[in-house]
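Colleague: So for the sequence shown, the working numbering puts the first residue at 13; every next one is plus one.
All C-beta atoms in this analysis are idealised placements derived from N, C-alpha and C, irrespective of residue type, glycine included.
Owing to the predicted nature of the structure, the values given are computational and were not obtained by experimental measurement.
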Amino acid sequence: MSAEQPPVDQHDVTVIAVPKGRILAEALPLLARAGVVPEPAFSDENSRALRFATQDPRIALIRVRAFDVATFVAHGAAQLGIVGSDVLAEFDYPELYAPVDLGIGHCRLSVAEPAALAEHDDPRGWSHVRVATKYPHLTAQHFARRGVQAECIKLNGAMELAPLLGLAPRIVDLVSSGRTLKENGLVEVEPIMDVSARLVVNRAAMKTRAHVFPLVEAFRRAASAQERAA
Numbered sequence: 013m014s015a016e017q018p019p020v021d022q023h024d025v026t027v028i029a030v031p032k033g034r035i036l037a038e039a040l041p042l043l044a045r046a047g048v049v050p051e052p053a054f055s056d057e058n059s060r061a062l063r064f065a066t067q068d069p070r071i072a073l074i075r076v077r078a079f080d081v082a083t084f085v086a087h088g089a090a091q092l093g094i095v096g097s098d099v100l101a102e103f104d105y106p107e108l109y110a111p112v113d114l115g116i117g118h119c120r121l122s123v124a125e126p127a128a129l130a131e132h133d134d135p136r137g138w139s140h141v142r143v144a145t146k147y148p149h150l151t152a153q154h155f156a157r158r159g160v161q162a163e164c165i166k167l168n169g170a171m172e173l174a175p176l177l178g179l180a181p182r183i184v185d186l187v188s189s190g191r192t193l194k195e196n197g198l199v200e201v202e203p204i205m206d207v208s209a210r211l212v213v214n215r216a217a218m219k220t221r222a223h224v225f226p227l228v229e230a231f232r233r234a235a236s237a238q239e240r241a242a
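#1: Take Leu36 and list the residues in its own chain whose beta-carbon comes closer than 7 Å to its own, dropping the five residues that flank it on each side.
#2: Measuring CB atoms only, is the region 107-122 touching the region 199-216, in the sense that at least three cross pairs come out at less than 8 Å?
#3: Alpha carbon to alpha carbon, how far is Pro41 from Ala235? Give it in angstroms, no decimals.
#4: Using 8 Å as the threshold, is the region 127-138 in touch with the region 105-115, meaning 3 or more CB pairs across them?
#5: Please give me, in chain order, every unbroken run of the beta strand (DSSP E) with length at least 3 that falls completely inside the region 122-166.
#6: Drop a sphere of 10 angstroms on the beta-carbon of Met13, count the other beta-carbons inside from all chains shown, and report buried for 16 or more, exposed for fewer.
#7: Measure how close the beta-carbons of Ala82 and Ala72 come, nearest whole angstrom, since I'm counting them as under 8 Å.
#8: Hey, would you say Val199 sits closer than 9 Å to Ala127, going by beta carbons?
#9: Report the rounded CA-to-CA distance for Leu150 versus Ala101, giving the unit in angstroms.
#10: Since Ala90 and Ile74 are thought to touch, with beta carbons under 8 Å apart, how far apart are those beta carbons, to the nearest angstrom?
#11: Evaluate Gly117 with the Cβ neighbour count: other Cβ atoms within 10 Å of its Cβ, from every protein chain shown; 16 or more gives buried, anything less gives exposed.
#12: Compute the distance between the beta-carbons of Lys146 and Gly169, then report whether it is under 9 Å.
#13: Can we count Asp113 as close to the ligand COA, meaning its CB is less than 8 Å from some heavy atom?
#14: Mind checking which residues open and close the beta strand (DSSP E) that includes Asp113?
#15: Could you give the DSSP three-state label for Pro31: helix, strand or coil?
#16: What is the residue span of the beta strand (DSSP E) that Phe54 lies within?
#17: What number of angstroms, rounded off, separates the C-alpha of Val213 from the C-alpha of Gly93?
#18: Looking at the unbroken alpha helix (DSSP H) that takes in Met218, where does it start and where does it end?
#19: In the structure shown, what three-state DSSP assignment does Ile71 receive?
#20: So with Cβ pairs under 9 Å, would you call Arg45 a contact of chain B?
#21: In this structure, what does DSSP give as the bridge partners for Pro226?
#22: When burial is assigned at 16 or more other CB atoms within 10 Å of the CB, is Arg182 buried or exposed?
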């Protein structure tokens, strides 16, 4: 009879932050390929828990808002995370290292406006724009490169309501199929960047935690395997 292994010190547990929402469903197979299998409660839609054990007592998952993944990892509360390249570009944390493009969560960040406005509008003639977005930094950068003055109104959701209710005539938001835009009478008029999900790592943890580098390599192999299988 083998002796029981001593319990893992919680300070030695590597925490991976994963996003709620659209990326999560695509991330689960990648986690499994990387050898990270969450406890059953992780899949329980009625669970209010935010931290979950995995099959490896040295690894735990936390489930947070997509925009918060980068913050948790940058400040060392989590050592790794899965986050869109849009979020990385918006916050540009120097503490983050993004070694692996996971090849999931593909979409684009675009400028959109009401279809009726787009019929006679030419983005090349813009000199000043009023835009509702949850990406004020990226939006201002994009328009500054074009020599356009941008007035950004920060919203955290329901972006499509801004033109309908007169808050701002244009929005900058993520677009995948374009269905949500169409259902709200909006159309894309200018792309800003292509987006995909990345594995991010806290730079200090990469150097100081022995378990982090093998996890990065496991995710790299998982992403490559998934790409080959596609």
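Modeller: In terms of the structure at hand:
#1: Val30
#2: yes
#3: 10 Å
#4: no
#5: 140-145, 161-166
#6: Because Met13 sits at a pLDDT of 40, beneath the cut-off of 50, its placement in the model cannot be relied upon, and the following sentence gives the value as read from the coordinates. With fewer than 16 other Cβ atoms within 10 Å, it is exposed.
#7: About 18 Å; that fails the 8 Å criterion.
#8: yes
#9: 7 Å
#10: 6 Å
#11: buried
#12: yes
#13: Of ligands this structure carries none, so the ligand COA is not represented either.
#14: 108-113
#15: strand
#16: Careful: Phe54 lies outside any beta strand (DSSP E) and carries neither H nor E.
#17: 7 Å
#18: 215-220
#19: strand
#20: The question asks about chain B, but that chain is absent: this structure has only one protein chain.
#21: In DSSP, Pro226 forms no bridge with anything.
#22: buried
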